[in-house]
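Peer 1: Take this structure, written in structure tokens, and hold onto it; I'll ask about it next.
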Amino acid sequence: MNASPVLIVALLSLSLLSGCASTRHDWGAYESELYTFYKSPTDEEKQELTNELAKTFARCEEKGVNPPPGLYAEYGTFLFEEGDYDSAIEYYEKEKAAWPESAKFMDALISSLNQQLTADTEKDLKRE
Amino acid sequence: MSNLKGIFFLAVGIALTGCATQEQYDWTAFEAASPRSILVLPVLNNTVDVDAPLYALSTLAVPLGEKGYYVFPVNTVRTVLEQEGLYEGNAIKELGSPTLADWFGADSVLYVEIDQWDAKYAILATTVTVDINYMLEDKQGNRIWEQDVTMRYSPQQNSTGNPLADLIGAAIAAGITRAAPNYIPLMQQANNSAFISGSRALPNGPYAIDSEQ
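Protein chains in written order, with my numbering: chain S, 1 to 128; chain B, 1001 to 1213.
Structure below.
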């Protein structure tokens, strides 16, 4: 009987506190991977971050929920930096479909990539 | 038995105030804007610590997203701004919220300014004192929310019950911290106390668990 009130208090506080702390989104290790990449912006760290994002997408898509806001677009930007414009556009489209608030920004990114793609194609055609 | 009841209510009380303390704050401007989305900009650093803004920028999206807001992709925003030649917090802030909100299609713009980031190294534990200002403007440039967070933080250490072992462990921990500090938990605490648990915690955004239709 001596220990039980303490135990009750501990359990109660724990359950109530965890009630405040349930997460809305599955972020994976986005924060720490992003920091590590900022701290040392190498190809290796960028790869770690994109791998982490891909894992998060797989988990979310399996559950049928949207990944957290912004993450599809972050992934798209890394693809853009690698020169893979088609896949970048695909991920910007995904961001827009998941989060309509992003529409204006995503449309701007997509149209600038499309212009770049058209310019590249014209250059290739001239070369031929 | 009455003793037990007292403890029970005390515990409920403590736990509830932990979630729900709110100071008298004028929410009129915030409610008028009622933003759905928040543009997080590269952090303004008024300290000599070069890592502080990196810790801040990489930890802002999570608490705001958890609060139910659409948070613009921080690294994509940063990349786009850099392509425009905008590398630094002050230069970006000078553009003004109406311009920035229009570029990205944002309802509101978050400015985070680090005013203090001092690490005091001691044998037992390194203590960092930080002062961070968070300010939200609507797309017209009206200030709709502001909070200042000052806190002290020491990386955690576990007691072994042996004072000498603790002392050696602490010295090692301080050494490690000096070599490769991890202040992500510090920034998480500061952000949480600004956005989620503090006296001016933000109202839920449209995607919050509670306000989901």
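Ideal placement from N, C-alpha and C gives every residue a C-beta, glycine not left out. If you're wondering where the values come from, they're calculated on a predicted model, not measured in any experiment.
In the DSSP output, what is Arg59(S) paired with across the bridge?
Peer 2: According to DSSP, which records beta bridges pairwise, Arg59(S) is partnered with nothing at all.
Peer 1: So Tyr72(S) and Lys104(S) are in contact, right, with Cβ under 8 Å, and what is the actual spacing, rounded?
Peer 2: Tyr72(S) to Lys104(S), Cβ: 16 Å. No contact.
Peer 1: What first and last residue would you give for the beta strand (DSSP E) that runs through Trp1103(B)?
Peer 2: Counting along the chain, Trp1103(B) falls outside any beta strand (DSSP E), though it belongs to the alpha helix (DSSP H) covering 1097-1104.
Peer 1: Flag Ala73(S) as yes if its beta-carbon sits less than 8 Å from any beta-carbon of chain B, otherwise no.
Peer 2: yes
Peer 1: Where Ala21(S) and Gly1205(B) are concerned, what is the direct C-alpha to C-alpha distance, given to the nearest angstrom?
Peer 2: Here the model assigns Ala21(S) a pLDDT of 48, short of 50, so the residue's position is not dependable and the matter cannot be decided.
Peer 1: Taking the alpha-carbon of Ala1101(B) as reference, which of Asp1210(B), Ile1196(B), Leu1039(B), Ala1052(B) has the nearest alpha-carbon?
Peer 2: Leu1039(B)
Peer 1: Which residue wins for smallest C-alpha separation from Gln1147(B), given the options Asn1191(B), Met1187(B), Thr1047(B)?
Peer 2: Taking only the C-alpha atoms, the option nearest Gln1147(B) is Asn1191(B).
Peer 1: Quick check on Arg127(S) - is its C-beta less than 8 Å from some C-beta in chain B?
Peer 2: no
Peer 1: Comparing alpha-carbon positions, which option in Val1062(B), Asn1045(B), Arg1036(B) lies nearest Ala1106(B)?
Peer 2: Arg1036(B)
Peer 1: Restricting to runs no shorter than 3 residues, where is the beta strand (DSSP E) found entirely within the region 1037-1115 of chain B?
Peer 2: 1037-1040
Peer 1: Taking the beta carbon of Tyr1121(B) as the centre, do at least 16 other beta carbons fall within 10 Å, making it buried, or is it exposed?
Peer 2: exposed
Peer 1: Hey, quick one: how far does the beta strand (DSSP E) through Gln1140(B) stretch, first residue to last?
Peer 2: Unbroken run through Gln1140(B): none, as it is neither H nor E.
Peer 1: Nearest to Ile89(S) by alpha carbon, out of Ser111(S), Pro68(S), Pro69(S), Leu53(S)?
Peer 2: Of Ser111(S), Pro68(S), Pro69(S), Leu53(S), the residue nearest in Cα terms is Ser111(S).
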